[in-house]
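Just so we're aligned: 702 in the UniProt record's numbering is position 702 of the sequence shown, and the numbers increase by one with no gaps anywhere. Data block below; observations after.
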Amino acid sequence: MSETTSTIENKLPLNGRRAIPPNYSNDEENEVPEMEAFGLIPRGFNPGDYLRVVDIYMFKEPQEINKQEHHTDKYYNPKLIVRRGQAFQIQIDFNRPYKPETDQFWLEYLMGRYPQQNKGTYIPILVGNVLKPGQWGAKVIHKENNSIRLSIMSSTTCIIGKFRLYVAVLTPFGILRTRRNSATDTYILFNPWCQLDAVYLDDEKEREEYVLNDVGVVFHGNVEDIKSRSWSYGQFEENILDACLFLMDKAELELSGRGNPVKICRVASAVINSRDDNGVIAGSWSNTYDYGVAPSAWTGSVDILLEYYSSKQPVRYGQCWVFAGVFNTFLRCLGIPARLVTNYSSAHDNNANLRLEFFLDDDGKVDTRLTKDSVWNYHCWNEAWMTRPDLPIGFGGWQVVDGTPQETSDGMYRCGPASVKAIKHGHVCFQFDAPFVYAEVNSDIFYIRMEKNGTQVVENVDTTHVGQLILTKEVGGDRMMDITEEYKFREGSDEERLALETAVMYGVKKQSVQDTTYQPQTDVDMEFQAQKAVLGNDFKVTITFRNKSRNSYTATVYLSGNIVFYTGVTKNEFKKHSFSAKLEPSSSRSFDIVIQSSEYMSDLLEQASFHFFVTARINETGKILAVQKVTVLEIPTLRIKTKGKLVAGEETTVIVEFTNPLKQTLENVTLRLEGPGVLRIMKKQFGRIPMNSTLTWEVKCTPTRPGLRKLIASLSSDALRHVYGELNVQIQKP
């Protein structure tokens, strides 16, 4: 191979910095000579006299040994897919019986356009007698007539991607190689089943969930009203593996770096979003989604990845759970264990000082001009499982990676991988982006009133609102699993204080409360409750005061109701209400305020969430009480039914139904339906659904995979979005 490499290098455009151009395309190939002569070839030379490869058999069918043993039988891909660090088998048919004493042949695995042995992109494998764990090697395990069967071991640090295979035979006058044959291409993936792999996970149930499960659950809503919806990851669907490998080409990750899960996660968190690199998904939080799909309408990742793979242009549009859903597909597809995580009341702290500052004007209203920080009702990111050899011992395991563009990191919109253990213990000095994630789950909310002379008076500090609950889907089921304790110690415990002091020591900026004048009002408490409400109905909210002192007080109370994006950013104020309250000594008093549907329906955003902000000034003391609360309306669901028998390979019918509950006609209605292993993604448009009328959509499909599968549907329209339905179906074997 040395001669071919040198001839390639002679033809390259010269560049003073490197001998070989950057090698970051898995798709490009080089020409490999079938006859590589050692010098002049004598006239009588006939290649047919020597050992010659007639055929190579890859055992690449889903039911054959390789895909079964490597847990890759679900991939809808005709080529051989194996996991690194684990032996696989191929059979070579020669033109005559193989004689090990005199015949010499070897295998060559190549990747990219400029294969080099020291970069791991050219791998010659000689046939030996033993296989060493975790190292490249091959040995003959069976000989019969003209055929031999080889067991091949790949390295546990091998590059992830698609390799080309050649068999080379040594003759006295040169090397004879097999012709380029794409049928023998071999994909090599990460191996969570192999103890020596950086992504090794020791629990079989967890591997089935975090690597092999192709549907998941996204938790959304808010902390008092948790909602869930299914998401189809579809990591085994046709062309998805190639699309995921293309993402690494797009991110220009050198082929030689693709064996390292830390590097792969870091570049993927940038390429999942379209900011600054034309990545997969364009984010939009504006509630207008022209020339694209509303983020709430997607039911899974497959459509998005395939559209990007074919168009090479960002797919419109996504919000955090879409970025996280596609990122999860990418990670699981390559074999990195991954899960989607939701953080409720997630701080977006613009200057990472662990303080979210809400500025109030003289009336106690929030001053939107001065307030730059925001609290998202929820924010979704991912965790990927891997060792961290770049950090001190003990920081491996789950790592936060986030594809939603929020702030730049090293000049690009990306986030992670950040060790969850490091975040919990406040060791935010360890790369990458730990201070930002630490702030997302640990910030305090400061309510600050600006005096006329510019001094800031802190009226209230809320230390428990942010990062109240962190959830992911349980292993082997659809319920939620609370993982808040993985990220933080119990609120108010000694360990929590210590973790905070550690984080501050490592450079997280935190002004102490002592820097600012702050005397809280202790003898009056104020609480705020909102009634559970269905979209399109009136509901009531209740403000309760508890006067614990022996004094009589009067309070001036101001309620502001805002329609907000789930990111906590206000679209507009739809309700203003102020009143005066007399508070008797040692007693409680409640006040009800009715919110009418006519007040909010015209401006409602797709996640139907309101942000109520209540401030009360105690007139006798001048102290201000402040409380904020998010409430999310109940949105109607889609109903999914099946008709007839559910057997793999036999046609069946799926029915989706929806009744419009609003007091208005729904325009521009789009339905989507998908279910990995049951049906391909279907879309249908309906012009309008009048109020109270029911829409029915029947779809014929032929399930391909037996077992428990899930159907997921979504409805999107101008006035109503975030409408979902799902159904678990048991597909019988034929």
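Even glycine gets a Cβ: it sits at the ideal position worked out from N, Cα and C. On a predicted model such as this, the values are computed, not experimentally measured, just so you know.
Endpoints, the alpha helix (DSSP H) within which residue i is located
| i | result |
| --- | --- |
| residue 66 | 65-69 |
| residue 302 | 302-311 |
| residue 207 | 204-207 |
| residue 246 | 240-250 |
| residue 427 | Segment: none, residue 427 is in no alpha helix (DSSP H) and carries neither H nor E. |
| residue 600 | 597-600 |
Cross-strand partners of residue i (DSSP beta bridge)
| i | result |
| --- | --- |
| residue 320 | BP columns for residue 320 are empty, so no partner. |
| residue 128 | 139 |
| residue 506 | DSSP, once it has assigned bridges, lists no residue as partnering residue 506. |
| residue 559 | 577 and 614 |
| residue 726 | 712 |
| residue 686 | 669 |
| residue 359 | 448 |
| residue 283 | 318 |
| residue 273 | 281 |
| residue 591 | 543 |
| residue 162 | 187 |
| residue 707 | 731 |
| residue 28 | Answer is none; residue 28 lacks a bridge partner. |
| residue 695 | 658 |
| residue 609 | 564 and 632 |
| residue 170 | 175 |
| residue 299 | None, per the DSSP bridge assignment. |
Proximity below 9 Å, CB of residue i to CB of residue j
| i | j | result |
| --- | --- | --- |
| residue 274 | residue 337 | no |
| residue 647 | residue 627 | no |
| residue 560 | residue 267 | no |
| residue 418 | residue 441 | no |
| residue 715 | residue 634 | no |
| residue 321 | residue 218 | yes |
| residue 134 | residue 156 | yes |
| residue 153 | residue 259 | no |
| residue 547 | residue 578 | no |
| residue 359 | residue 414 | no |
| residue 160 | residue 335 | yes |
| residue 329 | residue 379 | no |
| residue 708 | residue 730 | yes |
| residue 531 | residue 522 | no |
| residue 158 | residue 123 | yes |
| residue 408 | residue 323 | no |
| residue 506 | residue 424 | no |
Start-to-end residues for the beta strand (DSSP E) that takes in residue i
| i | result |
| --- | --- |
| residue 625 | 624-632 |
| residue 150 | 147-153 |
| residue 82 | 80-83 |
| residue 640 | 639-643 |
| residue 227 | 225-232 |
| residue 109 | 105-110 |
| residue 635 | First-last for residue 635: undefined, no H or E at that position. |
| residue 538 | No beta strand (DSSP E) holds residue 538; DSSP gives it neither H nor E. |
Cα-Cα separation, residue i to residue j
| i | j | result |
| --- | --- | --- |
| residue 538 | residue 619 | 32 Å |
| residue 514 | residue 458 | Caution applies to residue 514, whose pLDDT of 47 falls short of 50 and renders its modelled position unreliable; the model cannot decide the point. |
| residue 464 | residue 402 | 23 Å |
| residue 678 | residue 243 | 21 Å |
| residue 550 | residue 563 | 39 Å |
| residue 392 | residue 263 | 17 Å |
| residue 150 | residue 239 | 29 Å |
| residue 698 | residue 653 | 7 Å |
| residue 83 | residue 575 | 58 Å |
| residue 735 | residue 20 | Since the first residue shown for the chain is 1 and the last is 734, residue 735 is missing from the structure and cannot be characterised. |
| residue 666 | residue 29 | 52 Å |
| residue 599 | residue 340 | 36 Å |
| residue 695 | residue 675 | 21 Å |
| residue 394 | residue 229 | 34 Å |
| residue 64 | residue 212 | 18 Å |
| residue 496 | residue 291 | 47 Å |
| residue 756 | residue 256 | Outside the modelled stretch of the chain, which goes from 1 to 734, sits residue 756, for which no answer is possible. |
| residue 70 | residue 247 | 23 Å |
| residue 132 | residue 195 | 14 Å |
| residue 397 | residue 383 | 9 Å |
| residue 681 | residue 672 | 7 Å |
Proximity test, residue i beta-carbon vs the ligand PLP heavy atom, cut-off 8 Å
| i | result |
| --- | --- |
| residue 548 | In terms of ligand content, the structure shown is empty, and the ligand PLP therefore cannot be addressed. |
9 Å Cβ cutoff, residue i in contact with chain C
| i | result |
| --- | --- |
| residue 567 | Among the chains in the structure shown there is no chain C, since it carries only a single protein chain. |
Task: Secondary structure, beta strand (DSSP E): runs of 3+ residues fully inside the stretch 440-496 - done: Here the runs fully enclosed are 444-450, 456-462, 469-473 and 480-482.
TODO: Kindly provide the ranges of any alpha helix (DSSP H) runs that are 4 or more residues long and lie completely inside the stretch 333-415, ordered along the chain.
DONE: Correct list: empty.
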